[in-house]
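Colleague: Be aware that the sequence shown starts at 0, since it is given in numbering that gives the first Met the number 0, and climbs by one per residue.
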Amino acid sequence: MPETPAAPTARPTPGASAPLSAEDGKLVVLARGARARVGAVEGAAVRDQDGRTYAAASVALPSLTLTALQLAVASAVAAGASRLEAAAVVTEASTLDGAGHAVVRDLAPDAPIHVAAPDGTVLGTVTE
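Laid out in structure tokens, this is it:
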């Protein structure tokens with residue numbers, strides 16, 4: 000099976016001047032928990048149009064590779080979500096991977112995607 004080309008990464012805009020809302024802060028906590036539970040490279044959480052949250056960790060199997068954000072969005076869609084309000088990714092990277100960015104934009108062209116370090120420090124927010 001041929002490999003698909005990697006999607007470009009998105010660099011978050013530093014968000015030091017605007018603290019996260021309580022609901023967006025909850026997404027970071029959920030993403031940290033998902034990542035820590037299985038020792039994954041990254042964790043993610045999303046909130047749908049009804050305020051329901053979905054958390055996931057990255058998956059790396061010989062026959063399946065998903066970013067945490069892809070899996071969180073897939074879980075939301077499988078549960079009936081049609082739109083996302085916000086997302087958060089906890090990762091050691093300083094950028095948001097293109098695949099995760101794209102899947103959020105499929106459901107929400109303007110939802111903020113908060114990128115946080117493993118300790119929960121928000122590195123910035125992707126809004127485009």
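C-beta atoms are modelled at their ideal positions from N, C-alpha and C, and glycine is treated no differently.
As the structure is a prediction and not an experimental result, all values here were calculated from the model.
Please report the straight-line C-alpha distance between A15 and V58, rounded to a whole angstrom.
Modeller: Here the model assigns A15 a pLDDT of 43, short of 50, so the residue's position is not dependable, and the following value carries that caveat. Distance between the alpha carbons of A15 and V58 is about 30 Å.
Colleague: Grab me the residues of P18's own chain with a C-beta within less than 6 Å of its C-beta, minus the 5 sequence neighbours each way, in chain order.
Modeller: none
Colleague: Under 8 Å between the Cβ atoms of R46 and L26?
Modeller: Cβ atoms of R46 and L26: closer than 8 Å.
Colleague: In whole angstroms, what is the alpha-carbon distance linking A43 and A115?
Modeller: 10 Å
Colleague: Hey, V102 and I112: beta-carbon distance below 8 Å or not?
Modeller: Against a cut-off of 8 Å, the Cβ pair of I112 and V102 comes out as no contact.
Colleague: Expressed to the nearest angstrom, what Euclidean distance is found between the alpha-carbon atoms of A98 and R82?
Modeller: The straight-line gap from Cα to Cα measures roughly 18 Å.
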